[in-house]
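Chemist:
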Amino acid sequence: MTRVRPILAPILRNETQARLLAALLLRPGREASIAELAREVGADAGNLQKEAVRLIEADILADRRIGRTRLLRATDSPLAKPLADLLQLGYGPKPVIEDALRAIPGIEAAYIGGSWAARYLGVNGPFPRDIDVIIIGTPNRDDVSEAVVSALRPLGRDSQVIFRSRTAWEDADDAFTRTAKASPLVELDLRDEAS
Numbered sequence: 061m062t063r064v065r066p067i068l069a070p071i072l073r074n075e076t077q078a079r080l081l082a083a084l085l086l087r088p089g090r091e092a093s094i095a096e097l098a099r100e101v102g103a104d105a106g107n108l109q110k111e112a113v114r115l116i117e118a119d120i121l122a123d124r125r126i127g128r129t130r131l132l133r134a135t136d137s138p139l140a141k142p143l144a145d146l147l148q149l150g151y152g153p154k155p156v157i158e159d160a161l162r163a164i165p166g167i168e169a170a171y172i173g174g175s176w177a178a179r180y181l182g183v184n185g186p187f188p189r190d191i192d193v194i195i196i197g198t199p200n201r202d203d204v205s206e207a208v209v210s211a212l213r214p215l216g217r218d219s220q221v222i223f224r225s226r227t228a229w230e231d232a233d234d235a236f237t238r239t240a241k242a243s244p245l246v247e248l249d250l251r252d253e254a255s
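Quick note, the sequence shown lines up with residues 61 to 255 if you use this note's numbering.
(1) Residues bridged to Ala169 by DSSP?
(2) Does the Cβ-Cβ distance between Leu121 and Thr76 come in under 9 Å?
(3) Starting from Arg179 and walking both ways along the alpha helix (DSSP H), at which residues does that stretch end?
(4) If you follow the beta strand (DSSP E) that Thr296 is in, where does it begin and where does it stop?
(5) So what does Val221 bridge to, in DSSP terms?
(6) Have a look at Ala163, Asn184 and Asp119 and flag the residue whose alpha-carbon is nearest the alpha-carbon of Ala140.
(7) Can you tell me the Cα-Cα spacing of Ser243 and Phe236, whole angstroms?
(8) Closest to Arg226 by CA distance: which of Arg99, Ala170, Arg251 and Leu97 is it?
(9) In whole angstroms, what separates the C-alpha of Arg133 from that of Ile222?
(10) Would you mind sorting Lys154 into buried or exposed? The rule is 16 or more other CB atoms within 10 Å of its CB.
(11) Along the alpha helix (DSSP H) that carries Gln249, what are the first and last residues, could you check?
(12) What does Asp123 pair with, by DSSP beta-bridge criteria?
(13) In three-state terms, what does DSSP make of Ser137?
(14) If we count the other Cβ atoms within 10 Å of its Cβ and call it buried at 16 or more, is Pro138 buried or exposed?
(15) With 16 other CB atoms within 10 Å as the buried threshold, where does Pro70 fall?
(16) I'd like to know whether the C-beta atoms of Arg114 and Arg79 end up nearer to each other than 9 Å.
(17) Who are the Cβ neighbours of Glu247 in its own chain at under 8 Å, not counting the five residues just before and after it?
(18) Between the Cα of Asp249 and those of Glu91, Val193 and Gly150, spot the shortest distance and give me the residue it belongs to.
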């Protein structure tokens, strides 16, 4: 079995811890349940719970219960800001692009591909410099491109936005689409946060 290394290895303990921290520290004020976070970061709820306990003991995360539901949030620990800055480099593109694209109509699906997706999914290699964003659907291309560029500017990242219709993506008749679909892809969650 291949061991998945965090994108910021060896700084962070493991990928589950890194994604949990990114989910909460990169969205200040957010509070989410263990179950919701487990789905979001792609981890088993039991493993996520163990990481949460470690981070609560370190005063980086805090929790509260509503009935049987355990909610987690970031604290105002002096470690939170520097840790968030570090996480922003490795994990920041996903949540900032999701937030930027969420309200744009016509996007049926969106992915990050290329070297960033490969590192995020545990494929070893150099730290990614740019972000490839693949948009499926028929949104206003200028609105999407502007949103992605504006979202990534504070992270110091360049981007390339590629557009495909649903049919072109499914049929994969061109070389880029075939290559992209066969390579690591990180799906962006563009559902309304309130839902």
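Idealized CB from N, CA, C, for every residue including glycine.
Modeler: From the atom records:
(1) Ile196
(2) no
(3) Gly174 to Tyr180
(4) Residue 296 is absent from the model: the chain starts at 61 and stops at 255.
(5) Val193
(6) Asp119
(7) 10 Å
(8) Ala170
(9) So the two alpha carbons sit approximately 34 Å from each other.
(10) So Lys154 ends up on the buried side.
(11) Note that residue 249 is Asp in the sequence shown, not Gln. Run containing Asp249: none; DSSP gives neither H nor E here.
(12) Leu132
(13) coil
(14) exposed
(15) Note that Pro70 scores a pLDDT of 49, beneath 50, so its modelled location is shaky and nothing firm can be said.
(16) 9 Å or more divides the Cβ of Arg114 from the Cβ of Arg79.
(17) Ala169, Ala170 and Tyr171
(18) Distance from the Cα of Asp249 is smallest, within the candidate group Glu91, Val193 and Gly150, for Val193.
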